[in-house]
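Quick note on the UniProt record's numbering: the sequence shown kicks off at 1 and runs consecutively. Please read the structure below before turning to the comments.
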Amino acid sequence: MAYSAITSPPPLRFHSPYHHQPPKPRPHSLVFCSCGNQKNPTSKTSCLFKPSKNIPIFSPQPLLSAPKLRFNVQYSAGEEAEPLVTDATNQEDFSWSSVILPFFFPALGGLLFGYDIGATSGATLSLQSAELSGISWFNLSAVQLGLVVSGSLYGALLGSLLVYPIADFLGRRRELIAAASLYLFGGLVTGYAPGLNVLLLGRLLYGLGIGLAMHGAPLYIAETCPSQIRGTLISLKELFIVLGILMGFLVGSIQINAVGGWRYMYGFGVPISLLMGLGMWSLPPSPRWLLLRAVQGKGSFQEYKEKAISALSKLRGRPPGDKVSEKQIEESLVSLKSAYKEDETEGSFLEVFQGPSLKAFVIGGGLVLFQQITGQPSVLYYAGPILQSAGFSAAADATRVSVVIGLFKLAMTWIAVLKVDDLGRRPLLIGGVSGIALSLFLLSAYYKILGCFPLVAVAALLLYVGCYQISFGPISWLMVSEIFPLRTRGRGISLAVLTNFGSNAIVTFAFSPLKELLGAENLFLLFGAIALLSLLFVVVIVPETKGLSLEEIESKILK
């Protein structure tokens, strides 16, 4: 938590955690305070710090702590205590031009993930065509086709496992460069595959790239962007995933009638992955990661500190080594040192399951788990039949239906992008998950008793898609990227990514048996019940992080 004194016209007002109450002795985090009025240096208003043995202003919590430093905070006479953190507390001066590229190149990892989803739907049709596949091994069994479709998912699961022990060693930038390389080689191997085994190898390599990209991209964006637009930018990454899906559908519809069209569909991502790799090569490392390595003793402390200042200056478009960047790095460094004060080591392998990191994993992992087990892959399976029953001729064409749904997803995701840093995370989650539950119960009712009202099913389908895209879709990944302490952020996010892809695989494989066992009406009823459980989870467990810096999230929420 950062304390700030507002130096507007006198008298100078000092913020406190309580409204209309005298300040009480209470542990707090690191104080960054400017106690002067430049326009009136002789003002009687003052911010005095006096040593005290009784009032610890530094909490022993990670990142923002220093138990031995204690101060008394005095207020000017007649002044009431105000909230410590206001909406303006974390406002950082920046230019949009300086944040575009540090967002765009990592977000291409999400675009390529979405592209694989969209392109695979058309590629499987082309691959199995005797006339258009251009191969002699087109007659694939159900198991072989399933391996082609889910090969990238297996790779993503493996990538999430591999990155857990090496995330902090690689760093965010190098991890994304590795992801781009895997995307590139996976696309090339798949596109030029002479046989099924090579094709599956290419799908696995591409999936490894997905696992690394979906771990590294939110990390890099969250750690390098100004806190007041963090929600907007990470939600935009979700928009890039939807754009990638639409791009895959578009390329698939263009190449579906070409001989060997599946090769072009899978190969189209190669130049994009090359752009991503070159772009990440041009960007600096995450300053927070550099400071983490410094306090872990992984090299020269001063060298890492200077690199962090230089990286932050470059990310904000400032001159190298400017004073503003230097001050920000100094403040972050003091906070980070406190997290390692009691334990100078890098932390145990299972530290992510302890203390504040466990609380963060419950929040982030719970969100990405509910994101999948509320039936997201399964509901869209029924999109075609639902639209057909309502008399929409476009439903006869699977590609057109996919494009229509994709455009709607894009529009709703854009709403989340515009509102996430305005309304906050919790309102979007609560409203969106409530709509998801309602839509699932409506779909169940349609298959049970409302079969003669197909428009109810269409409305429920669109309600589900829209509510998902303003809640679980972007907000889950946003919360995952910002909720973990820096000390365990790399490992924590890798576990969250693993949870996401693992639950996705379980829902995908369990869908058909559950559909046969329960029927569509009871399956949607089950998903609706899970959605209500997820709504309770959001209301009770998930905190609001709007406007807070990553250090404040750790000191205020993960106590």
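Beta carbons: idealized from backbone N, C-alpha and C, even for Gly.
For residue i, count neighbouring C-beta atoms within 10 Å of its own C-beta (all shown protein chains included) and say buried if the count is 16 or more, exposed if not.
i: glycine 109; result: buried
i: residue 609; result: Any question about residue 609 goes unanswered here, given that the chain covers just 1 to 559.
i: tyrosine 192; result: exposed
i: aspartate 168; result: buried
i: lysine 39; result: In this prediction, lysine 39 scores a pLDDT of 40, lower than 50, which makes its location untrustworthy; the coordinate-derived value is nonetheless stated afterwards. Per the 10 Å Cβ criterion, exposed.
i: aspartate 422; result: exposed
i: glutamate 516; result: exposed
i: residue 565; result: No statement about residue 565 is possible, as the shown extent of the chain runs from 1 to 559 and does not include it.
i: alanine 142; result: exposed
i: alanine 130; result: exposed
i: isoleucine 405; result: buried
i: valine 198; result: exposed
i: glutamine 302; result: exposed
i: serine 439; result: buried
i: serine 300; result: exposed
i: glutamine 376; result: buried
Would the beta-carbon of residue i fall within 8 Å of that of residue j?
i: alanine 107; j: leucine 290; result: no
i: leucine 161; j: glycine 216; result: no
i: alanine 496; j: valine 480; result: yes
i: alanine 156; j: phenylalanine 501; result: yes
i: valine 538; j: isoleucine 373; result: no
i: isoleucine 256; j: glycine 122; result: yes
i: phenylalanine 105; j: glycine 279; result: yes
i: glycine 134; j: glycine 260; result: yes
i: glutamate 223; j: leucine 550; result: yes
i: isoleucine 241; j: phenylalanine 113; result: yes
i: glycine 317; j: serine 95; result: yes
i: glycine 277; j: alanine 180; result: yes
i: glycine 248; j: aspartate 116; result: yes
i: leucine 127; j: valine 99; result: no
i: glycine 209; j: tyrosine 183; result: yes
i: threonine 190; j: valine 352; result: no
i: alanine 178; j: leucine 170; result: yes
i: leucine 292; j: leucine 486; result: yes
i: methionine 265; j: alanine 119; result: yes
i: tyrosine 154; j: glycine 207; result: yes
i: arginine 263; j: leucine 219; result: no
i: leucine 336; j: valine 295; result: yes
Quick one: measure Cβ to Cβ for residue i and residue j, integer angstroms, because I've assumed they're closer than 8 Å.
i: leucine 548; j: serine 227; result: 7 Å
i: glycine 159; j: leucine 111; result: No, glycine 159 and leucine 111 are not in contact; Cβ-Cβ is about 17 Å, not under 8 Å.
i: glycine 492; j: serine 357; result: 6 Å
i: leucine 333; j: serine 325; result: That belief does not hold up - the Cβ atoms of leucine 333 and serine 325 are roughly 12 Å apart, past 8 Å.
i: glycine 231; j: leucine 450; result: The pair is not a contact, with the Cβ atoms about 38 Å apart (cut-off 8 Å).
i: phenylalanine 408; j: valine 458; result: So it is not a contact: roughly 11 Å between Cβ atoms.
i: alanine 437; j: leucine 535; result: 6 Å
i: alanine 531; j: valine 433; result: 6 Å
i: valine 403; j: leucine 243; result: So it is not a contact: roughly 12 Å between Cβ atoms.
i: isoleucine 329; j: lysine 305; result: 7 Å
i: leucine 442; j: leucine 283; result: Incorrect: roughly 46 Å between the Cβ atoms, too far for contact.
Between residue i and the rest of its own chain, which residues show a CB-CB distance below 6 Å, the 5 nearest in sequence each way excluded?
i: leucine 233; result: Phe103, Ile221 and Cys225
i: leucine 533; result: none
i: arginine 426; result: Glu544
i: threonine 499; result: Gly365, Val368 and Leu369
i: isoleucine 483; result: Ala360, Ile363 and Gly364
i: tyrosine 447; result: Ala520 and Glu521
i: isoleucine 557; result: Pro543
i: glutamine 371; result: Phe472 and Ser476
i: glycine 490; result: Ala167 and Asp168
Using a Cβ-Cβ cutoff of less than 8 Å, which residues in the same chain neighbour residue i once the five nearest sequence positions on both sides are dropped?
i: leucine 239; result: Leu410, Thr413, Trp414, Val417 and Pro474
i: tryptophan 137; result: Gly195 and Leu196
i: residue 602; result: In the structure displayed, the chain extends from 1 to 559; residue 602 sits before or after that span and is not available.
i: isoleucine 541; result: Val362, Ile363 and Gly366
i: tryptophan 281; result: Ile177
In its own chain, which residues sit with a C-beta less than 7 Å from the C-beta of residue i, not counting the 5 before and 5 after it?
i: serine 444; result: Glu521, Phe524, Leu525 and Gly528
i: threonine 42; result: With a pLDDT of 41 at threonine 42, under the threshold of 50, the modelled position of that residue is not reliable, and the figure given next carries that caveat. Closer than 7 Å at the Cβ level, and outside the excluded window around threonine 42, lies no residue.
i: phenylalanine 185; result: Leu205
i: arginine 174; result: none
i: glycine 321; result: Ile309, Ser310 and Ser313
i: leucine 274; result: Leu184
i: glutamine 144; result: Leu196
i: isoleucine 470; result: Met412, Ile415, Ala416, Leu428 and Gly432
So is the beta-carbon of residue i under 7 Å away from any non-hydrogen atom of the ligand FAD?
i: threonine 499; result: Only the bare structure without any ligand can be found here, which leaves the ligand FAD out of the picture.
Return no unless some Cβ of chain C is closer than 8 Å to the Cβ of residue i.
i: histidine 215; result: Among the chains in the structure shown there is no chain C, since it carries only a single protein chain.
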